[in-house]
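Worksheet: one structure, shown below.
Number of protein chains: 2
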Amino acid sequence: MKHYIKHHEWQIIEEGFDPHLNRISESLFSLGNGRMGQRANFEEEYSGETHLGSYVAGVYYPDKTRVGWWKNGYPEYFAKVLNAPSWIGIHLKIGKTSLDLAHCKVQDFRRVLDMKQGTLHRSFTATLRDGKKVKIDATRFCSMADGEIGVIRYSVTPLNFSSSSTITLGIDANVVNKDSNYDEKFWDEVSKESKAGLALVSAQTKKTFFQVITGMTYALTSGGKKLKGIVRASKREKYADNVVQIKLKKGEELVIYKYGVVLSSENHPKAKMTQVARKKLKDILAKGFDKLFADHTDVWAHKWEECDITIDGDVAAQQGIRFNIFQLMQTYTGADERLNIGPKGFTGEKYGGSTYWDTEAYCLPFYLGTSDPKVARNLLVYRYKHLGKAIENGKKLGFKDGAAFYPFVTMNGEECHNEWEITFEEIHRTSAMAYAMRDYIEYTGDRDYLTGFGLEVLIGISRFWNQRVNWSEEKGKYVILGVTGPNEYENNVNNNWYTNYLGSWTLRFTMEAVDFVKKSNPKRYAAITAKINFQEKAEMDKWKHISENMYFPYDPKRNVILQQDGFLDKELIPVKNLKPEDRPLNQKWSWDRILRSCFIKQADVLQGIFLFEDDFDLETVRRNFDFYEPMTVHESSLSPCVHVILASKLGYKEQAYNFYLRTARLDLDDYNNDTEDGCHITSMAGTWMSLVKGFGGMRVKEGKLHFTPYIPDQWKSYSFRLEFRGRVVKVKVSKDKTDVVLESGQPMEVMVGGKVVGLG
Amino acid sequence: MKHYIKHHEWQIIEEGFDPHLNRISESLFSLGNGRMGQRANFEEEYSGETHLGSYVAGVYYPDKTRVGWWKNGYPEYFAKVLNAPSWIGIHLKIGKTSLDLAHCKVQDFRRVLDMKQGTLHRSFTATLRDGKKVKIDATRFCSMADGEIGVIRYSVTPLNFSSSSTITLGIDANVVNKDSNYDEKFWDEVSKESKAGLALVSAQTKKTFFQVITGMTYALTSGGKKLKGIVRASKREKYADNVVQIKLKKGEELVIYKYGVVLSSENHPKAKMTQVARKKLKDILAKGFDKLFADHTDVWAHKWEECDITIDGDVAAQQGIRFNIFQLMQTYTGADERLNIGPKGFTGEKYGGSTYWDTEAYCLPFYLGTSDPKVARNLLVYRYKHLGKAIENGKKLGFKDGAAFYPFVTMNGEECHNEWEITFEEIHRTSAMAYAMRDYIEYTGDRDYLTGFGLEVLIGISRFWNQRVNWSEEKGKYVILGVTGPNEYENNVNNNWYTNYLGSWTLRFTMEAVDFVKKSNPKRYAAITAKINFQEKAEMDKWKHISENMYFPYDPKRNVILQQDGFLDKELIPVKNLKPEDRPLNQKWSWDRILRSCFIKQADVLQGIFLFEDDFDLETVRRNFDFYEPMTVHESSLSPCVHVILASKLGYKEQAYNFYLRTARLDLDDYNNDTEDGCHITSMAGTWMSLVKGFGGMRVKEGKLHFTPYIPDQWKSYSFRLEFRGRVVKVKVSKDKTDVVLESGQPMEVMVGGKVVGLG
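Going down the list, the protein sequences come from chains S and C. The first sequence lines up with residues 2 to 761 when you count with the numbering used here. The second sequence lines up with residues 2 to 761 when you count with the numbering used here.
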């Protein structure tokens, strides 16, 4: 854990320059706008520790798989989000010395991420080796108003000298991925152009042939007047720039406005991209910084109106929740159904930037609660569009007859993860797609989603389960062997309760969906059954038999669910008995030791109880929580939020608050010692759930919003807003009361603490 | 399976040239002499499918580990046997055309491995593209009389032309490993030298700094007369040669004698190696082909006298067993205790050429039966010398207090395998070292081995088991969780019976060893306990408690041992119900499907029953064999031999014979479709065991040889010899009788079919 980030309600603040923290800060202060984004790398040259990262949504590379021993069924490639050409470079050479914070005395360094405005500020005074002192003040944003635009205002004030200087404004496509499996570069240059006031590089990814044009233009002013310098261009591979010779005068502020555009062939015909980029650069130069800034901050103001959460009396908690919301909003806007939410968003390369079940299990509720329903719907449709690939993916592993096995990690629907114990065996994820439908339908009431899209997916998934179970003569039940549950600190276990439960539920849910579509739209139903050759009676009879005869491991002595067969053979030791030097286990223990221990990486039985809470009475929840929570090390960022919600339900207020802080400030305080790789974007949605479903007790039951709110002792009040079926509802919880207000939309009833409250 | 190898009692014969079979033949026709060896690559250039491979015993490279996702505890490197500089190249250019079988019409191609003489012959007539016809006749051997010498007689007869020609006699150190993880080259050039009649390259491995000098000299004769051509040398990296210009005359045979030397810094001071190489080349050139050949074949004649097995009436079986013995004798001579037996010997790169538990479980009995006891002893001492590394290896995985965890794969005692389910979890291998001691002591009577070396190793291994078990409150027994047994088609299972049994036995065996050493050599015992801080009472009390309270999975209904917990949840399907297109499973099924199936890669419960057969009555053996064998796919080369032995014991003669053919001809008939990677050297020792322990029923009990021989219906008779406690015993089994003859040594009694027979 680290505590160098200053607490502030709306800002993330770093004061003083510590090069060892730079890679963490680069993650935390990242910017994005759903279409593109970047780590908080410096504009000027920097020869110290840094992890350069610029990303363009949807642009990935299928890197050749790297494994120790090949196993049948491994995917040929591991798709990864690409480090894309960078538009931010503003290199400054004063006399003969480059400005490089690794070789300066740095004073008054301050980096601020203004979450309200969506801007990154950085200011400092640098003393060069030759004694020249220069003050820098930089502001940067990726426009929320136009996802293809990035803007920098970079101010330079010579404090104790005048000197001829060189400013290099570059576009650099000669970039690498740190996680490249074989040190390859993934971009080819298509064309480039440098002329006075403009630099463009068109680059194309190998194999996938995504084309990205990155361009820039700029303006220089001093004392409010436009400046011109002598302009020339460098010649380097995959690189274009303008090198401006200019005279810096002591005490006079020079302001560089750099305007970048990033266009992807996903959104433009390749043949027209250069033309569009040139025009766009011309337009934004004409518009100028102030107008672009205003357009950008307007969007943020509107976003915050929709989804802000306030916490009064606890700045750390307030900063945490806003940081989580801010990052989620930067990462995915829901505008494009081809996109999804990578685990690191635009903040790093790790985990390949691909789609995991995190989207369905954690992110969906956030977007349901805070955005227009079509955003959540787009997330579902994303998987509908991948159904064919999911069936193919199943086929590669020997499943047949249209069994849909959704990949664990994907960019385009194909599996691209390569650990057998996860890729082949963490099968519960394929039902996350089914659960997401239930979640979506319950929240929005849009049951017709099943008719248009959902049913086909559900039948595919149920066909998978049908083939994946086997009948145990010994148990006289269906069993599911050789799986990895959500708790990845167990591998290749038999009868993981969560998996068995979810599989069994999926079959029932699919049968209900079949009935619904059949009754509500017989024509469409007939079309679907014909299309996918659905043998209603035979398939449903089998599903019914499986779902009614599934085996669930249980300990009658303790009266608790068993995470999997054989769990009780372990030495059951509470986490508190572990030595501090053994934590985190995944960095200290060898894998086999972790596997045979009782320690739980993330909620597993409790994840199931959370998802299906209506199936369990409070005492069952309590017994299982009391049994499993003490053995849980929460070394997955997805674990604490589930525990906040269940602890809240059980009235374990202190625990809930501590878990909340852990999820809300996971990255800000670098809990797991890995923020330098990027922020844990998908688990940030879990933070939102923690507050809204945990403290606020929000549920939707039979089309109605329910709240059972309470307030942590440390807070004075908190509030959140929900988008719900055409309304906006604001909930404010203070020590003594809960106000639920209808901010817009038709009147409706909600339940607060078990009582009906009429709104509007 | 393939059947292109002609059956012959003493030879492996390929007739006709099929380029698609070339890589298989390169494996089968490999040569070696314990110090060096090589695949049967052509002397001349060959641009078709080939896998070049020359190997020098003990010379390895720690290649950077390649894994998908790093797990704590993985070794930093994967040691692999190195493809070493090649001395065999004789490139022939006739006029302007190179002799390259990929671009010729090839007639009368014949490749013969003469196992009696240890020579590789190859002859063919090639028609070049320009119509020139040339006859080639090549003989090659790696001298068994001097392990640093290789010899080629290469005869060239122009059939329809005379032409000026170029003969290039090279030493090529610019070689690669196909299994290099990152396409690196592993050799650096130290020096090279080309002068008339001599070429030398001194090359050094990166990181490990093994130096190998490879040199050659040669003689050319025609019509019995020595020839001289015009000599020059090429200039290429890591390469030296003589290029001889010569006139080939129609109908006149030109014979090239190429003499190679291969010296390793493992056996010579680096500073003197060049000098030794030069002298050696001079000496062997003076000695000449015939004398070198005679020295070589003398050694083979002696070897065959010691260890030949004859089978009368079944040429396929005879060829099979001799091929197995031949390859084993080529691979390991037992002369050097630093060496061991790589799974592919000198026939390929696969599995890194390192030491596996195959040595103890399969090879040791072969060398015990056929060689001086010091050969087997050297194999034990090899592990004794690695004890420190085994303790280190344990430490890396969190074990302490001197727990010895022998590596799964090693070159120098360090683990260099990187699949968690094997490396970390296939823990039974650490007790293979203990079992080997028992085997050795039973066979040789040399119980004092415990005093000098064995006890320390045993205590180390027992300390490992002591820490690896845990007490299950649920079962009231000790359990061993998260292991992989010998059947690697199960991973990370709980309570693998074989592992639990072997662990428990090891503790008892160690306690017996403690008692023996304590009584027989109290001084040495005191020294050992002091050295390794052995807390006799405390440690032994715990060991006793564990060994008496170990849990063994069992099915009371079927009255069979259970391979592991949960085995009965599987669908129990016999292999015969599998579709042919699903075989071999490891090439057709995804890994998860294999894991959750009942199918067994290799003997597991049966392996345990084989090792500890005196612990089980015949009906128990039968029940377990009848239960497990039908589910066994034998996709490990180490499986059929155990089944021959148990089937023989049970009187399942037809099964035993079929398993025997499978093990004896595994490579010759390419059963597992992988001979192109190299031959299955270690499992060849299993073939020997199949015959001697299976058909011959050989056992040693209380210092006495026992035989319960029978003869497969397909055979007329068979015979084998045993080295046993200073005697040579020959056993000949025919349809109606068994002759046991003492060929040398003191009189003794043996048991044949339960009756005492006096010998000598």
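The beta-carbon is built from N, C-alpha and C at its ideal position, and this holds for glycine as well. All of these numbers come straight from a predicted model, not from anything done at the bench.
{"query": "At least 3 beta-carbon pairs within less than 8 Å: the segment 549-558 of chain S vs the segment 465-479 of chain S", "result": "yes"}
{"query": "Cβ separation of E350 (chain C) and N84 (chain C), assumed to be a contact under 8 Å, to the nearest whole Å", "result": "7 Å"}
{"query": "Limits of the beta strand (DSSP E) - the one that P374 (chain C) falls within", "result": "Careful: P374 (chain C) lies outside any beta strand (DSSP E), inside the alpha helix (DSSP H) at 374-386."}
{"query": "Outcome for F660 (chain C) when other beta-carbon atoms lying within 10 angstroms are tallied against a minimum of 16", "result": "buried"}
{"query": "Alpha carbon of D678 (chain S) to alpha carbon of N495 (chain S), nearest angstrom", "result": "34 Å"}
{"query": "Spatial distance of K580 (chain S) from P641 (chain S) (CA atoms)", "result": "21 Å"}
{"query": "Presumed contact (8 Å Cβ cut-off) between L22 (chain S) and Y47 (chain S), rounded CB distance", "result": "Contact doesn't hold; Cβ gap of about 14 Å is too wide."}
{"query": "Chain-ordered neighbours of F425 (chain S) on chain C, where CB pairs are closer than 7 Å", "result": "S591, W592, D593"}
{"query": "Near-chain C residues of the segment 481-493 of chain S (beta-carbon distance less than 8 Å), N- to C-terminal order", "result": "L482, G483, N492, N493"}
{"query": "Meets three-Cβ-pair contact criterion under 8 Å: the segment 77-96 of chain S and the segment 107-116 of chain S", "result": "no"}
{"query": "C-beta atoms of T664 (chain S) and T688 (chain S) nearer than 7 Å", "result": "yes"}
{"query": "DSSP three-state assignment for I172 (chain C), whether helix, strand or coil", "result": "strand"}
{"query": "CB contact flag (G38 (chain C), L29 (chain C), <7 Å)", "result": "no"}
{"query": "Distance CB(L388 (chain S))-CB(A377 (chain S)) smaller than 7 Å", "result": "no"}
{"query": "F187 (chain C) versus D115 (chain S) - alpha carbon distance", "result": "53 Å"}
{"query": "Secondary structure, beta strand (DSSP E): runs of 3+ residues fully inside the segment 275-337 of chain C", "result": "311-313"}
{"query": "CB-CB length for G354 (chain S) against K345 (chain S), believed under 8 Å", "result": "6 Å"}
{"query": "Residue range of the unbroken alpha helix (DSSP H) whose run includes M632 (chain C)", "result": "From DSSP, M632 (chain C) is part of no alpha helix (DSSP H); its letter is neither H nor E."}
{"query": "When S:I150, S:E190, S:K756 are compared against A278 (chain S), the one with the closest alpha-carbon", "result": "S:I150"}
{"query": "Reference G225 (chain S), options S:E253, S:L199, S:E27, S:L249, closest by Cα", "result": "S:E253"}
{"query": "Chain-order list of residues whose beta-carbon lies under 6 Å from that of S55 (chain S) (same chain, five-residue window excluded)", "result": "Q39, A85, S87"}
{"query": "is_contact[V606 (chain S), chain C] using C-beta, thresh 7 Å", "result": "no"}
{"query": "Beta-carbon gap between A241 (chain S) and V202 (chain S) smaller than 7 Å", "result": "yes"}
{"query": "C-alpha distance - K705 (chain C) paired with V751 (chain C), whole-angstrom precision", "result": "6 Å"}
{"query": "Of the residues S:Y258, S:A197, S:R237, S:T215, the one placed nearest L221 (chain S), counting alpha carbons only", "result": "S:Y258"}
{"query": "Sequence-distant residues of its chain with Cβ nearer than 7 Å to T128 (chain S) (five each side left out)", "result": "C105, K106, K134"}
{"query": "Members of the segment 65-76 of chain C near chain S, C-beta cut-off 9 Å", "result": "T66, R67, V68, G69, W70, K72, N73, G74, Y75"}
{"query": "Whole-angstrom distance between K193 (chain C) and D173 (chain C), CA atom to CA atom", "result": "11 Å"}
{"query": "At least 3 beta-carbon pairs within less than 8 Å: the segment 322-332 of chain S vs the segment 295-313 of chain S", "result": "yes"}
{"query": "Residues from the segment 373-401 of chain S in contact with chain C, defined by Cβ distance under 8 Å", "result": "K397, L398, G399"}
{"query": "Alpha-carbon spacing of W466 (chain C) relative to V732 (chain S), whole angstroms", "result": "59 Å"}
{"query": "Inter-residue Cα distance where the pair is Q656 (chain S) and E630 (chain S)", "result": "10 Å"}
{"query": "Beta carbon proximity, D180 (chain C) to chain S, threshold 7 Å", "result": "no"}
{"query": "Pick from S:V177, S:E537, S:G446 that is closest to D189 (chain S), judged by C-alpha positions", "result": "S:V177"}
{"query": "Segment contact, 8 Å Cβ cut-off, at least three pairs: the segment 584-600 of chain S with the segment 65-73 of chain C", "result": "yes"}
{"query": "Y183 (chain C): contacting residues in chain S (beta-carbon distance under 9 Å)", "result": "Y183, D184"}
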